[in-house]
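Trainee: Please read through the structure below; I'll follow up with questions.
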Amino acid sequence: MNDTLPSTAKIDSKIAVGGVVDSVNRRVSGKSWKLQKTATVRSQKAKTLRNSWAKRSEERSKKQAVKALEKQMKDDKQAEKDRKRAITLERKKIQEEKERMETLAAKMSAKRLQRLKKREARKKARV
Numbered sequence: 002m003n004d005t006l007p008s009t010a011k012i013d014s015k016i017a018v019g020g021v022v023d024s025v026n027r028r029v030s031g032k033s034w035k036l037q038k039t040a041t042v043r044s045q046k047a048k049t050l051r052n053s054w055a056k057r058s059e060e061r062s063k064k065q066a067v068k069a070l071e072k073q074m075k076d077d078k079q080a081e082k083d084r085k086r087a088i089t090l091e092r093k094k095i096q097e098e099k100e101r102m103e104t105l106a107a108k109m110s111a112k113r114l115q116r117l118k119k120r121e122a123r124k125k126a127r128v
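Under this note's numbering, the residue at position 62 of the sequence shown is numbered 63, and the numbers go up by one with no gaps.
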């Protein structure tokens, strides 16, 4: 009936895409450098919905395991930090107590020296 259209299925698909084409790579407009257009995909899903439920639940469990491990490592690191801080504070307290005792001992010996000097002075005054 229509003599202008070829009867082969290969050429029919070309007509549906962009008109009658001489060869596979040539376009009707002659702009061979342009890309061949394809049908627009209308049904786009979210990235999370592309995977099956089992795969998503597996990924979720892996993420939870990784988070738990990270939390464990963070807690261990913080505990070590706290332990070191406590040791440092304890050392500082011991050092301060030691210095306080030394100054107290120095004062006591100074007082003792003063007493001795006073005694000596009194002895000299008597004589």
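Using N, Cα and C, we set each Cβ at its ideal position, and we do this for glycine too.
(1) Along the chain, where does the alpha helix (DSSP H) containing valine 67 start, and where does it finish?
(2) On the criterion of 16 or more Cβ atoms from any shown chain inside 10 Å, does alanine 10 qualify as buried, or is it exposed?
(3) Where does arginine 28 sit, in a helix, a strand or coil, going by DSSP?
(4) With DSSP as the reference, label lysine 48 as helix, strand or coil.
(5) Looking at the C-beta of lysine 72, does it have a partner C-beta in chain B at a distance below 7 Å?
Mentor: Walking through what the data contain:
(1) The residue labelled residue 67 in the question sits at position 66 within the sequence shown. Run containing valine 67: 54–127, per the alpha helix (DSSP H) assignment.
(2) Along the sequence shown, one-based indexing puts residue 10 at 9. Its pLDDT being 49, under 50, alanine 10 is placed unreliably in this model, and the value from its coordinates should be taken loosely. Classification of alanine 10: exposed, given that the 10 Å Cβ count is below 16.
(3) Counted from its first residue, the sequence shown places residue 28 at position 27. Arginine 28: coil per DSSP, three-state reduction.
(4) As a first step, residue 48 is located in the sequence shown; it is residue number 47 there, counting from the start. Three-state DSSP puts lysine 48 in a helix.
(5) No chain B is present in this structure, which holds just one protein chain.
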